[in-house]
Ligand SMILES: [Zn+2]
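In the working numbering, the protein residues as written are 2 to 289.
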């Protein structure tokens with residue numbers, strides 16, 4: 002048996018190592034732009050993901066109002082000096098090539114990471130020659146995650162499938178997935194000692210792919226997850242969130258304006274330490 006002095010020293014060392022671990026994490030500020038769009042600020046860096054869209058109205062998701070689009074296209078605070086612009090896929094509730102191009106024109110440090118479909122749309126912009134050298138394309142779908150460092154931010158890009166949207170084919174009468182050819186990326190960012198995961202429009206049910214991407218071996222501090230990821234205990238995606246992604250905190254995405262999540266607080270807490278449900282555009286949270 003160890004003597005009490007050894008135990009005391011061991012205890013102190015443990016406390017110091019816990020403190021050191023905590024000190025390594027910089028405060029994190031998240032601003033909800035709309036739908037699945039967020040501004041992430043940490044350690045003096047800024048990431049904009051799926052935020053540069055808008056110019057239309059919707060009852061099924063939040064859309065950035067014109068005043069917000071004006072701030073984003075002119076790269077004015079809080080959208081100034083954005084280091085990394087990430088886009089999961091080319092659907093209109095995630096990206097608008099014209100808004101992205103204008104933002105990049107006024108924010109000369111911003112690097113865009115996106116699938117080929119989005120990059121192709123950027124080519125139509127008159128500002129394309131000026132910004133094309135700052136576009137990084139990741140092909141999708143793919144079998145392995147792509148690791149890179151952009152603007153001092155480490156990221157892993159997961160080339161995955163968009164969640165299905167089934168509809169009847171008029172000619173054959175068969176159900177077909179309207180989204181089967183969408184090029185779709187998910188992102189894992191490591192910034193300020195924190196690991197953040199954004200699942201885009203994934204249906205969060207592909208255990209095999211997430212395990213192949215090593216998601217079950219990561220510690221995710223914050224997961225930006227489609228609200229369908231925690232609907233009830235029996236839902237496949239709930240199991241995936243619980244067993245594979247295991248995020249410490251969750252921010253729900255793709256909510257309808259005014260939508261409430263009907264999962265009870267105790268259920269939420271059994272999945273993650275905190276579950277944040279955005280209610281209005283430009284809502285901000287700080288995690289120390
Ligand atoms: Zn989509």
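Glycine included, every Cβ here is placed at the ideal spot set by N, Cα and C.
Under the three-state DSSP convention, the category residue i falls into
i, result
"residue 47", "strand"
"residue 287", "strand"
"residue 173", "coil"
"residue 276", "strand"
"residue 228", "helix"
"residue 1", "A query on residue 1 cannot be resolved here, the shown segment of the chain reaching from 2 to 289 and no further."
"residue 71", "helix"
"residue 87", "strand"
"residue 17", "Note that residue 17 has pLDDT 48, beneath the 50 cutoff, so the model's placement of it is unreliable and the number below is only indicative. Residue state, collapsed to three classes: helix."
Residue span of the alpha helix (DSSP H) that contains residue i, given as start and end
i, result
"residue 132", "129–132"
"residue 99", "98–107"
Continuous beta strand (DSSP E) stretch holding residue i: start and end
i, result
"residue 149", "147–151"
"residue 180", "Per DSSP, residue 180 belongs to no beta strand (DSSP E) and is neither H nor E."
"residue 196", "195–199"
"residue 252", "250–254"
"residue 205", "Residue 205 -> no beta strand (DSSP E), and no H or E assigned at all."
"residue 76", "Unbroken run through residue 76: none, as it is neither H nor E."
Bridge partner(s) assigned by DSSP for residue i
i, result
"residue 115", "138"
"residue 160", "186"
"residue 40", "32, 49"
"residue 259", "Residue 259 pairs with nothing; no bridge assigned."
"residue 241", "Its beta-bridge partners do not exist; DSSP assigns none."
"residue 168", "177"
"residue 155", "150, 191"
Reference residue i, options the options, closest by Cα
i, options, result
"residue 37", "210, 91, 244, 130", "91"
"residue 211", "30, 154, 282, 158", "158"
"residue 222", "35, 238, 242", "242"
"residue 297", "164, 41, 59, 248", "The question about residue 297 has no answer here: the residues shown for the chain are numbered 2 through 289."
"residue 277", "239, 236, 244, 225", "225"
"residue 29", "193, 273, 116", "193"
"residue 185", "156, 76, 117", "117"
"residue 182", "166, 171, 73", "166"
"residue 45", "65, 135, 81", "81"
"residue 291", "100, 177, 143", "Lying before the first or after the last residue shown, residue 291 is absent from the chain, which here runs from 2 to 289."
"residue 108", "86, 114, 119", "86"
"residue 31", "261, 150, 254", "254"
"residue 50", "33, 179, 237", "33"
"residue 153", "205, 190, 120", "190"
"residue 1", "55, 69, 35", "A query on residue 1 cannot be resolved here, the shown segment of the chain reaching from 2 to 289 and no further."
"residue 151", "239, 48, 260, 56", "48"
"residue 129", "98, 149, 140, 155", "98"
"residue 58", "102, 93, 245, 103", "93"
"residue 251", "258, 271, 257", "271"
"residue 196", "121, 114, 61, 246", "246"
Short CB-CB distance (under 8 Å) between residue i and chain D
i, result
"residue 146", "Among the chains in the structure shown there is no chain D, since it carries only a single protein chain."
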